Structures are given as structure tokens and as C-alpha cells.
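Data first, discussion second: the structure below is written as C-alpha cells.
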Amino acid sequence: MFTVRQTQEFQDWLDGLKDLKAQLRIVARLRLAEAGNLGDWKPVGDEVSEMRIAFGPGYRLYFTKRQNVLIVMLAGGDKSTQARDIKRAQKLLQQLELE
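Counting in the working numbering, the sequence shown runs from 3 upward without gaps.
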């Protein structure tokens with residue numbers, strides 16, 4: 003079991019998606035993560051990992067794990083913005099660590 007927290011940036015990204023089916027799939031994926039099932043994911047560097055969702059443009063959910071009990075959702079995006087999204091997620095993580 004994990005506790006999933008979301009940054010404001012992640013919430014804004016999710017709320018801003020125009021595709022309602024995509025929003026529902028992402029929320030369902032977060033529920034699975036809370037139950038301990040991260041599904042298709044991989045580390046992308048600097049303690050940031052991505053959950054991949056094979057739907058639409060290939061959604062990516064960027065997160066970090068803390069002590070196997072907390073997942074912080076940092077940012078979201080899709081395959082077309084992947085490199086930029088990873089850098090943004092890494093920067094957000096650095097900012098969180100400074101707080």
C-alpha cells in the first residue's frame with residue numbers, strides 16, 4: 003500500500019486535460035498505485051520515475067517514492083513532451099527537498 007500525494011503542478015495538469023477518458027484512466031492508475039500496483043514504470047534519473055499509460059498520446063506520470071509508503075506525483079505529460087517533462091519533474095523534486 004502507498005499513500006499518493008500530488009503536487010499542485012500535477013493536479014493542474016490532470017485537471018487541464020480535455021480528454022475525460024484520459025483523466026479517468028489516470029485517476030484509475032493512481033488508485034492502483036495506492037493499492038501497491040505501479041504497473042508499467044521505470045526510473046528516469048535523479049530519484050524520479052515515470053508511470054507509462056498506453057492510451058492516447060502515451061501519458062507519462064512522473065513521481066518519486068519515499069520509504070515505500072509515500073508516492074509524490076510531481077508532473078504529467080505525454081510521449082511528445084517526455085524529455086522536457088522529466089527535467090521539470092526533477093526540478094520540482096529538488097524544490098520539494100529544499101522545503
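Quick reminder that beta carbons are idealized off the backbone N, C-alpha and C, glycines included.
All of these numbers come straight from a predicted model, not from anything done at the bench.
- DSSP places Gly38 in no alpha helix (DSSP H); its state is neither H nor E.
- Of the residues assessed, Asp48 falls on the exposed side of the cut-off, its CB having fewer than 16 other CB atoms within 10 angstroms.
- Comparing C-alpha distances from Arg62 to each of Thr5, Ala24, Arg68, Asn70 shows the shortest one belongs to Ala24.
- At the C-beta level, Glu36 and Val6 come within 7 angstroms of one another.
- Here Ile88 has Val46 as same chain residues with Cβ atoms under 6 angstroms from its own Cβ, once five neighbours each way along the sequence are excluded.
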